[in-house]
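First the structure, in the form of structure tokens, and then the observations on it.
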Amino acid sequence: MLEKLNEIQAAALDALESVKDSEALQGWKVKHTGGNSALTEVFKGIGKVAKEDRGKVGKRANEVKVALEAALTERAALIKEAELARSLEEDHLDVTLPGRPFRHGGVHPATQTLRRILGILADMGFQVYTSREVESDEYNFQHLNFPLGHPAREMQDSFYVESEGERDNPLLMRTHTSPGQIRAMREAAVGNPDNPPPIRISLPGMCYRYEQITSRSEIQFNQVEGLAVGENITFSDLKGTLSDFARRMFGAHARTRFRAQHFPFTEPSAEMDVECFLCGGEGCSVCKKSGWLEILGCGMVHPNVLQAGGYDPRRYTGFAFGMGPERQAMLRHNIKDIRYFWGNDSRFLEQF
Ligand code: DAH
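For the sequence shown, my numbering assigns the number 699 to the initial residue and increments by one for each residue that follows.
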């Protein structure tokens, strides 16, 4: 029996020498180590071997099995290497073939404009402050001098967050970025209520209004708010800052004008127009023949708002402004329909 095992091993190793590819190797494996192989036969018959020889035969059979498996592994590695070398030799890589085109992602046009605005404001010393999108009625309206039932709320119909919050203070999706003013002021005032630090921040983010969707109004849109609070801040500071902003945003020669307006949270309030950069003030379809484009709302922070933020209005003043990046992008690129922004049509988005 031991003799036979030697022969099995020798024959198998001998046959392995002439195996040259994976297919032949598979055949060799079945023939010499598979269920019908001579080696397996030996294992099956081991019970019939005389008792005193059984140990030796079993041990030797295992050795043969291990030897064949080791030889197989070694051979497999050699073959794999040879096959790789052959395919590198035979299969030529044509580096002149055109590659597969791939589509570039890009920054959304609203985000591009938003970042540009924030960049300019940052150069002017306004630090970004991000505030929450789900707000309470208190922050979104009451602290901003819109009391319950105030008619100005009509302009900002809201999405309420179902069954959350108190009856007079329900939760809603913020309708503007202005509630961040209160949060920022309160945060700053906490450290030192008697002498709160000056603030100069920009507040970017998404806002939501329950409105009819049309080419000019969407239910979600971005805003960038600005807030400066400190001692001796005047309306001249507001005008100077925003005129400078317009020159950086729309070109060194951009002319601006301020028109009186009303917002509950500022007094006095204004809107800033910039001379139409498409027609240079001549009058065109974008500026509706007026030569001016409305860019933002602004004003001196209302004493009630300062108070709500923890700043004593007898000592501190401030100015605030709010603008819409989508609106500015629409003016700049002559985009006629605001619905393109959130319509996810890549033919639109790819142009920016
Ligand atoms: N919150 C206003 C809106 O959404 C925009 C605005 C106007 C913000 C004047 C201001 C401001 O800070 O001073 O329509």
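Virtual Cβ for every residue (Gly too), placed ideally from N, Cα, C.
With a cut-off of 8 Å on Cβ pairs, the segment 1030-1041 is in contact with the segment 910-917, counting three or more such pairs.
Proximity of the beta carbon of His-874 to the ligand DAH is indicated: a heavy atom of the ligand is located closer than 6 Å. Not one heavy atom of the ligand DAH lies closer than 6 Å to the C-beta of Ala-850.
At least one heavy atom of the ligand DAH lies less than 6 Å from the C-beta of Gly-997. With distances taken between CA atoms, Asp-719 lies nearest to Lys-778 out of Lys-763, Lys-778 and Gln-707. At least one heavy atom of the ligand DAH falls within 6 Å of the beta-carbon of Gly-1020.
Ranking Met-1021, Leu-940, His-960 and Ala-887 by CA distance to the CA of His-1000 puts His-960 first. The DSSP-derived three-state label of Phe-1019 is strand. If you draw a straight line from the Cα of Val-747 to the Cα of Gly-753, it comes to about 9 Å. Between Ile-880 and Tyr-837, the C-beta gap is smaller than 7 Å, which places the two residues in contact. Cα atoms of Ile-931 and Met-883: separation of roughly 16 Å, rounded to the nearest angstrom. Taking Val-762 as the centre and dropping the five residues before and after it, the same chain places the C-beta of Leu-703, Ile-706, Gln-707 and Leu-737 closer than 7 Å to its C-beta, in chain order. Within the same chain, and ignoring the five residues on either side of Ala-808 in sequence, the residues whose Cβ sits closer than 7 Å to its Cβ are Asn-920, Pro-1023, Glu-1024, Ala-1027 and Phe-1039.
In terms of side-chain proximity, the C-beta atom of Phe-919 is found no nearer than 6 Å to any non-hydrogen atom of the ligand DAH.
Leu-700 and Val-755 do touch by the CB rule: their CB atoms are close to 6 Å apart, below 8 Å. Just measuring C-alpha positions, the residue of Ala-769, Lys-937 and Cys-977 sitting nearest Met-998 is Lys-937. An exposed status is given to Asp-1043, since fewer than 16 other beta-carbon atoms sit within 10 Å of its beta-carbon. Under the 10 Å beta carbon count, Gly-903 is surrounded by 16 or more other beta carbons and is classified as buried.
Ala-958 is bridged by DSSP to Ala-968. It is roughly 14 Å from the alpha-carbon of Glu-965 to the alpha-carbon of Gly-1020. For Pro-877, the three-state secondary structure derived from DSSP is helix. Contact check for Glu-831 against Thr-875 fails: the beta carbons are separated by 7 Å or more. In this structure, the beta-carbon distance from Phe-956 to Leu-842 does not fall below 7 Å. Using a 10 angstroms sphere on the CB of Gln-840, the tally of other CB atoms reaches 16 or more, which defines it as buried.
Counting every other CB atom within 10 Å of its CB across the protein chains shown gives Phe-1017 a total of 16 or more, marking it as buried. Look at Phe-1039 here: in three-state DSSP terms it is coil, with no helix or strand label. By the neighbour-count criterion, in which a residue is buried when 16 or more other Cβ atoms sit within 10 angstroms of its Cβ, Arg-784 is exposed.
The ligand DAH approaches Thr-964 closely enough that one of its heavy atoms is under 6 Å from the residue's Cβ.
Counting only runs of 4 or more residues that sit fully inside the segment 865-929, the alpha helix (DSSP H) segments are 877-889, in chain order.
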